[in-house]
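What follows is a single structure, written as structure tokens, with notes after it.
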Amino acid sequence: MSQVNRLAKGGRIDRSQALSFTFNGQTYQGFAGDSLAAALLANGVDIVGRSFKYSRPRGIVAAGAEEPNAVLQIGSSEAAQIPNVRATQQALYSGLVASSTNGWPSVNTDLMGILGKVGGGMMPPGFYYKTFMYPQNLWMTYEKYIRKAAGLGRSPTEVDPDIYDQMNQHCDVLIVGAGPAGLAAALAAGRSGARVILADEQEEFGGSLLDTRETLDGKPAADWVAQAIAELKTLPEVTLLPRATVNGYHDHNFLTIHQRLTDHLGEVAPMGQARQRMHRVRAKRVVLASGAHERPLVYANNDVPGNMLAGAVSTYVRRYGVAPGQELVLSTNNDYAYRVLLDWLDAGRKVVAVADARSNPRGAWVEEARARGVRILTGSAVVEARGSKRVTGARICAIDVKAHKVTSPGEVLDCDLIVSSGGYSPVVHLASHLGGRPEWREDILGFVPGPGNGIQQRIDAGAVNGVFALGDVLANGFEAGAKAAAEAGYKAVSGSLPQAEARQEEPMLALFQVPHDKPTARAPKQFVDLQNDVTAAGIELATREGFESVEHVKRYTALGFGTDQGKLGNINGLAIAARSMGISIVQMGTTMFRPNYTPVTFGAVAGRHCGELFDAKRYTAMQAWHLKNGAEFEDVGQWKRPWYFPKNGEDLHAAVARECLAVRNSVGILDASTLGKIDIQGPDAREFLNRVYTNAWTKLDVGKARYGLMCKEDGMVFDDGVTACLADNHFVMTTTTGGAARVMEWLEIYHQTEWPELKVYFTSVTDHWATMTLSGPNSRKLLAKVTDIDLDKDAFPFMSWKEGLVGGVPARVFRISFTGELSYEVNVQADYALGVWEQIIEAGKEFDLTPYGTETMHVLRAEKGFIIVGQDTDASVTPDDLNMGWCVGRTKPFSWIGKRGMNRDDCLREDRKQLVGLKPVNPNQVLPEGAQLVFDPKQSIPMQMVGHVTSSYMSAAMGYSFAMAVVKGGLKRMGERVFAPLADGSLIEAEICSSVFYDPKGDRQNV
Amino acid sequence: MSNVNVYQQRPADIAGQSPLHHAGLHELVGKGRKNAGITLREKKLRGHLVIRGDAKDAGFSGGVHKALGLELPVALTLVADGDTSLQWLGPDEWLLIVPGGSEFEVERKLRTALDGQHFSVVNVSGGQTLLELSGPKVRELLMKSSSYDVHPSNFPVGKAVGTVFAKSQLVIRHTGEETWELVIRRSFSDYFWLWLQDASAEYGLAVEA
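So this is what it looks like as structure tokens:
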């Protein structure tokens, strides 16, 4: 239970607040302020998981987002499971439960490890690539194996109890990263009055300043951080987002930030708080101050726990008061890495030696270490780590970097910690999300972001820009912030910056893969990408097999795949591939990065658009009544429409049969409010209708209504409905429920772009009017009880409308019918509709008035052969195909939409698929909708298909099943047979007939 | 007048049910958190008229002014006089909101003043409702709900826009420093009500009659 690696003092942790947590079932203690990784290291936990492919034990390597190994599963309960959490980015909280995602049952004894070592070639490099090339059906098998072995973590199987939400932000300047460059940029931009967002992925702002041994104005750098934050908090237009990772840089300077609001408090958010928030930001300018990742050196066995990044060890010592070992060896090619030696010595630990690849390093940090008695072996490197579950020694040899050779037998030094630093890789990920190619800079041996090319309005600052010395970083950041604000239209405000100590620095030496005395393929494994288990040998193999493009090398080896996105390994990998092919890194180029920079929870992606709020649900004014009366609902677009009203446990079929008979025999009522309604006014309204409908409107009298068909330019039916003439210059058009919005747009587009000279205006009144349809032989008697309108058949004939009171409410009543029965559609202002509906229900009791839903409506209209656009049509059907040529005004003087299209040769073919009725030979068999039809059921497969069923039902009124279908040349095949061969091998035989099954003369609606 | 069909659509003696009638807002009055960050009030059963015409035609703009005493607002703004407001919806389209029950009379006035011109007036009172949101946290609630920039530098008092809101659309009007209005369609009102309750949960929501 003791924290063996915890230093007696130091760090930004609160030692008065001990927190206990468990890892792989074992309980440990840490302190408030620890990251999970810091707490694990404090407790001497060396192994945090097993590797992806070879199942080798792995320990913590880094201290930030670049950590490749400590990718853990968090959560004590099933519902709170979170996969892919980097222990380096997870704040410790009391009761945290974490486990390895790989290497069950125990990370310390792993069966896979034995297999991995013995088998060796189970998953050679190129496995993915080769697998994809082999038959598809094997992939399923491979995938299962890979997933299990890879241990990518698992998603919870229970509902997440937490709330995740989203917020839309707009700013002048978004600053990515609150290290020295980002803070300076925020001060410069913030002081100008610009709207600034400063986002940083860590628990605290400050970045490297939180653990650097450098001073600002002679004081600890963290003091200046506190001062800068205090000032930023006073600026009203500055928004500070800690624990917020800028994860994606999308088109038009749109960036997504994943903020973890309560993840540091516990695995479930406190009551009433959102756990995570996705900020969707539109930024005029972005200051990219994302810093750099230290690059490890590639040497043999560099994955054994106890191999770490030099800077990460400084962070653990200075920020968390944790020294992850006793005796340290450093292998490096640069000056900055020497800081870890000083930090290690300050911590009271032993530095065994430094292997510096350079022949005569004399920089200020080097001299300071030398003055403290550190043994420096120049022209040397750690070529091999010793140990299996923890480093036990380091073999240091003299090397010839140019010849890539080991030049001395070297010596093996005992140690338990090898830290390496091969330079610094600017974090270019965001800059390349939109395709901007990073550019190689030989002076810093790293890729910096390429120009934004106007796609990204971006200014880079600090280490990402190849600027590393602290004083320069601050100045660079301040300048970037001022420039960004100025470009966003703000006047720059000057300000002073704290003084950093000036130090003499010497250039680093290009070293990526450390040579070994054996060839790469025979040397112990030299890991390049720890997360994906990619070795130097694997990369060389890739190039030998002919995969020379950088993108091919990546896919062949999996370098930089997955959640890692090449943070540590990418540049070493490219350099090894380049050397193996004898070309430069510039010639090799780099792979690109895609969002997201680090994994994002699905919760944050979904935000509140889940559960009840998944999508908008639209209701009519009668919804309360429908609910009270037990309606089952059907989705029609976003509308919830009553589907049927089951009584006494009826199923759909029983209820629909009852509802159909009620309408045919007495009277039913339907809520038809969802139909689109468009009010059309203007002296040219009639002419406009002539042009958008296929049929003629010139002679429709005031008081009358007419069915209309609408086509697109290609002559294909796209909507239909009844339009009534309310007055000379006034019409009301109805559309299909789903087509309301697009018909409205269609009218506006044609008016605005083609016929602006027509004096006409359109206004949607869909929601204003509630519509109730009374249908059935008793509908007149029923309506008469609640209206003052004269319903006499001559005074109020079929296809006309009247105005009057219904249930005391002013109404427009249309005598139109979608069932073939005597019908009235009552329209009232929706605010008064429920009362009218209830009065009609009450008045209808004596007629056994039956509420019916969309399913019954569908059956009744199909019995009459009335089409439903979108069900019986599919944008490839002309009016003639529907046998609705009667609805085409071929002699209208002005052309109309669809006229030319439907007269193309192809649309006039006689063997086009045409809408017909089908009567199954077996009257109890209902054809499945969508069933394909053939003329000859005995032909061999593939059969020649001649059409399909569009609508199909059992008719209670007629006592047999029936269907509508499109059949090639069907209108000339009346009485012939078609067959529907079904998936289960059975066959349904049907006779082609007229699509009007019920009351073909239309007597019933015209009484 | 005879060229169009206009009549009193609202019954004189029957109580109407606004789109949020089912939510029982009056029962929620006084039950929210004290010092709630957001206060909601449905300005229900108002008269809503959509006016369309040619803004560049002095006859049209003059006629509207004569009938209403309000100048036609320019793009993305609204003008108000007491409970009457006139809002720009599009280059040739405005939303007029008047006290409930007066819409028929107002429409007749407009039609008289615009007689002989080409225009349209359509009563949409039953199809939409007006929600007023006030309080210090309304802006944050709007930021959660809409991608439109609601910062005062971009959305000053007097501005009104039709925009996306959650997964649907509505009109946002900025009517006072901490006061905003939403014009929502009847059929979407339950969705918006659920959304607003959810989005305001962390700030506290109070309901006023």
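Chain order of the listed sequences is A and B. Note that full-length UniProt numbering gives residue 162 to position 162 of the first sequence, counting from 1, and the numbers run on in steps of one. Note that full-length UniProt numbering gives residue 29 to position 29 of the second sequence, counting from 1, and the numbers run on in steps of one. C-beta atoms are modelled at their ideal positions from N, C-alpha and C, and glycine is treated no differently.
Closest by C-alpha distance to residue i, when choosing among the options
i, options, result
"ILE739/A", "VAL663/A, GLN871/A, THR819/A, ILE840/A", "Per the sequence shown, the amino acid found at residue 739/A is Gly instead of Ile. Measuring from the Cα of GLY739/A, the nearest candidate turns out to be GLN871/A."
"CYS660/A", "TYR644/A, SER673/A, TYR619/A, THR674/A", "TYR644/A"
"ARG594/A", "LEU908/A, ILE444/A, GLY560/A, ALA394/A", "GLY560/A"
"VAL173/A", "GLN166/A, ILE163/A, ALA184/A", "ALA184/A"
"GLY463/A", "ALA654/A, GLY177/A, ALA39/A", "In the sequence as presented, Gly is not what sits at residue 463/A; that position holds Ala. Taking only the C-alpha atoms, the option nearest ALA463/A is GLY177/A."
"ALA65/A", "ARG58/A, LYS567/A, LYS9/A", "LYS567/A"
"ALA931/A", "THR950/A, VAL401/A, GLN939/A", "THR950/A"
"THR674/A", "ALA662/A, HIS730/A, GLU687/A, THR737/A", "THR737/A"
"GLY573/A", "GLU548/A, THR563/A, ASN596/A", "GLU548/A"
"ASP911/A", "LEU342/A, THR101/A, VAL967/A", "VAL967/A"
"LYS53/A", "GLN3/A, ALA484/A, ILE418/A, ALA558/A", "ALA558/A"
"VAL722/A", "MET710/A, TYR750/A, GLY715/A", "MET710/A"
"ALA201/B", "LYS66/B, GLU27/B, GLY126/B, LEU141/B", "LEU141/B"
"ALA113/B", "SER147/B, SER61/B, GLU42/B", "SER61/B"
"ALA724/A", "ILE678/A, GLN752/A, LYS712/A", "ILE678/A"
"residue 1009/A", "ALA79/A, ALA189/A, SER55/A", "Given that chain A is displayed from residue 1 to residue 1007, the structure contains no residue 1009/A and the question cannot be resolved."
Whole-Å CB distance - residue i paired with residue j, under 8 Å assumed
i, j, result
"VAL916/A", "VAL946/A", "Not quite, the Cβ-Cβ distance comes to about 11 Å (not below 8 Å), so this is no contact."
"LEU232/A", "LEU187/A", "7 Å"
"SER187/B", "ASP767/A", "5 Å"
"LYS919/A", "CYS993/A", "5 Å"
"GLY422/A", "LEU511/A", "6 Å"
"VAL4/B", "THR763/A", "So it is not a contact: roughly 12 Å between Cβ atoms."
"ASN827/A", "THR873/A", "Their Cβ separation, rounded to whole angstroms, is 26 Å, which puts ASN827/A and THR873/A out of contact at 8 Å."
"TYR191/B", "LYS617/A", "6 Å"
Which residues DSSP lists as bridging residue i, in chain order
i, result
"THR215/A", "PRO220/A"
"TYR164/A", "GLN276/A"
"GLN29/A", "SER20/A"
"LEU726/A", "DSSP output for LEU726/A lists no bridge partner at all."
"THR239/A", "ILE197/A"
"THR163/B", "LEU170/B"
"SER961/A", "MET954/A"
"HIS258/A", "THR245/A, MET278/A"
"PHE979/A", "VAL934/A, GLU989/A"
"LEU133/B", "LEU40/B, TRP180/B"
"GLN829/A", "TRP769/A"
"SER99/A", "GLN73/A"
### Message
Short of 8 Å Cβ to Cβ, which residues in the stretch 259-291 of chain A face chain B?
### Response
GLY272, GLN273, ALA274, ARG280, ARG282
### Residues from the stretch 140-158 of chain B in contact with chain A, defined by Cβ distance under 9 Å
GLU140, LEU142, MET143, LYS144, SER145, SER146, SER147, TYR148, ASP149, VAL150, HIS151, SER153, ASN154
### Query
Mind listing which residues of the stretch 724-742 of chain A have their C-beta closer than 8 Å to chain B's C-betas, in chain order?
LEU726, ALA727, ASP728, ASN729, HIS730
### Query
Are the stretch 185-200 of chain A and the stretch 229-239 of chain A touching by the rule of at least three beta carbon pairs closer than 8 Å?
yes
### Query
What residues in the stretch 615-632 of chain A bring their beta carbon closer than 8 Å to a beta carbon of chain B?
ASP615, ALA616, LYS617, ARG618, TYR619, THR620, ALA621, GLN623, ALA624
### Query
Taking a cut of 7 Å between CB atoms, which residues from the stretch 601-616 of chain A lie near chain B?
ARG608, HIS609, GLU612, LEU613, ASP615, ALA616
### Query
Hey, is the stretch 304-323 of chain A in contact with the stretch 33-41 of chain A, meaning 3+ C-beta pairs nearer than 8 Å?
yes
### Task
Flag this pair as touching only if the stretch 110-121 of chain B and the stretch 40-59 of chain B have three or more C-beta atom pairs under 8 Å; answer yes or no.
yes
### Query
Got a sec: which bits of the stretch 664-678 of chain A sit with their beta carbon under 7 Å from any beta carbon on chain B, in order along the chain?
none
### Query
So, do the stretch 15-32 of chain A and the stretch 248-268 of chain A have three or more beta carbon pairs nearer to each other than 8 Å?
no
### Task
Quick one: which residues of the stretch 814-841 of chain A get their C-beta closer than 7 Å to a C-beta of chain B? List them in chain order.
GLN829, ALA830, ASP831, TYR832, LEU834, GLY835
### Query
Of all the residues that make up the stretch 155-179 of chain B, which are near chain A by a beta-carbon distance shorter than 8 Å?
ALA166, LYS167, SER168
### Query
Are there three or more Cβ pairs, one per stretch, closer than 8 Å when the stretch 155-165 of chain A is compared with the stretch 269-287 of chain A?
yes
### Task
Could you name the residues of the stretch 762-794 of chain A whose beta carbon sits closer than 9 Å to any beta carbon of chain B, in the order they occur along the chain?
PHE762, THR763, SER764, VAL765, THR766, ASP767, HIS768, TRP769, ALA770
### Message
With three or more C-beta pairs closer than 8 Å as the rule, is the stretch 355-373 of chain A touching the stretch 430-446 of chain A?
### Response
no
#### Entry: Against chain A: residues of the stretch 180-208 of chain B by CB proximity under 9 Å
ARG185, ARG186, SER187, PHE188, SER189, ASP190, TYR191, PHE192, LEU194, TRP195, ASP198, ALA199, ALA201, GLU202
### the stretch 681-696 of chain A touching the stretch 845-864 of chain A, judged by at least three CB pairs closer than 8 Å
no
### Query
Is the number of C-beta pairs between the stretch 123-142 of chain B and the stretch 167-179 of chain B that are closer than 8 Å three or more?
yes
### Query
Hey, is the stretch 495-505 of chain A in contact with the stretch 211-221 of chain A, meaning 3+ C-beta pairs nearer than 8 Å?
yes
#### Entry: Chain-ordered residues of the stretch 165-185 of chain A with a beta carbon less than 8 Å from chain B
ASP165, GLN166, MET167, ASN168, GLN169, HIS170
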